[in-house]
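I have placed the structure first, in the form of structure tokens, so that the comments after it can refer back to it.
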Amino acid sequence: MLWWAMLIGSGLITALVLGLLTAAVRNNGARRSERGWIWGWGLGFTGAVLVVLLGFSLWIGERMLARGDDALRVGAHAAQWEWRFTQPGPDGLPVQTVDTLYIPAGESFDVEITAQDVIHSFWVPQLGGKMDAIPGHQNLHRLRADTPGIYEGLCAEFCGIGHSFMRFTVVAYDPTGPIPDMSADLIPETRP
Ligand SMILES: [Cu+2]
């Protein structure tokens, strides 16, 4: 939603600039009031668009912060070179998986991001921004998948020779249906 608002806002300003360029190229010598252009369109219009975008992004950004409410919590633990995820299993109890995170679609969830060895970075481009995974420290990151589907994620911080293997998958399932079969991704020692 923020992305679309930014696109519309910057599109409006780009249209204004292109319109002015076209007018300048086609100018047949007629002089218009410079003052009106500068104050009205140059400052008034672009300023209004930027203020609306700023207000909107503050409002959306505030709602995107992880906070102590009752949002679902999952864990993402980075290590050279894999991700270990903790999330509710089929019977509601937490289970650990490797390189695949299962979350319900349509609701916000917080990821507790930690690291084993060096700094990694958790990133699912389609769901939101990046968050560092730092050894000895826990970062919280709020995300949300609006529709069920499979979202690709990756480590976004160079973390050693196996860095490019640190890709993972987020499976967003329909919360009204059954939880998908996770058995292939369960960590062997935690397999029931
Ligand atoms: Cu990494």
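The numbering of the sequence shown is my numbering, which starts it at 56 and goes up by one.
Idealized CB from N, CA, C, for every residue including glycine.
Quick caveat, the model's predicted, so the values are computed rather than measured.
Check whether residue i and residue j have beta carbons under 8 Å apart
i, j, result
"R128", "D165", "yes"
"W136", "M221", "yes"
"G64", "L108", "yes"
"A126", "R81", "no"
"C214", "I174", "yes"
"Q171", "H132", "yes"
"W178", "A134", "no"
"L182", "A160", "no"
"I68", "V104", "yes"
"G237", "V150", "It should be noted that the sequence gives Met, not Gly, for residue 237. Yes."
Which of helix, strand or coil DSSP assigns to residue i
i, result
"I68", "helix"
"E89", "helix"
"M221", "coil"
"D240", "helix"
"W114", "helix"
"W136", "coil"
"I63", "helix"
"A170", "strand"
"G74", "helix"
"G130", "strand"
Pick from the options that is closest to residue i, judged by C-alpha positions
i, options, result
"V72", "H218, W58, I93, M61", "I93"
"M56", "H175, M119, G232", "M119"
"T231", "T202, S238, D154, H218", "T202"
"P233", "G147, V179, T77, G110", "G147"
"M186", "G130, G74, Q151", "G130"
Exposure of residue i, with buried meaning 16 or more beta-carbon neighbours within 10 Å
i, result
"L209", "buried"
"D240", "buried"
Meets three-Cβ-pair contact criterion under 8 Å: the segment 156-175 and the segment 184-202: Flag = yes, the segment 156-175 and the segment 184-202 touch.
Cβ pair count under 8 Å reaching 3, the segment 212-228 against the segment 140-155: Yes: the two stretches touch, three or more of their Cβ pairs being nearer than 8 Å.
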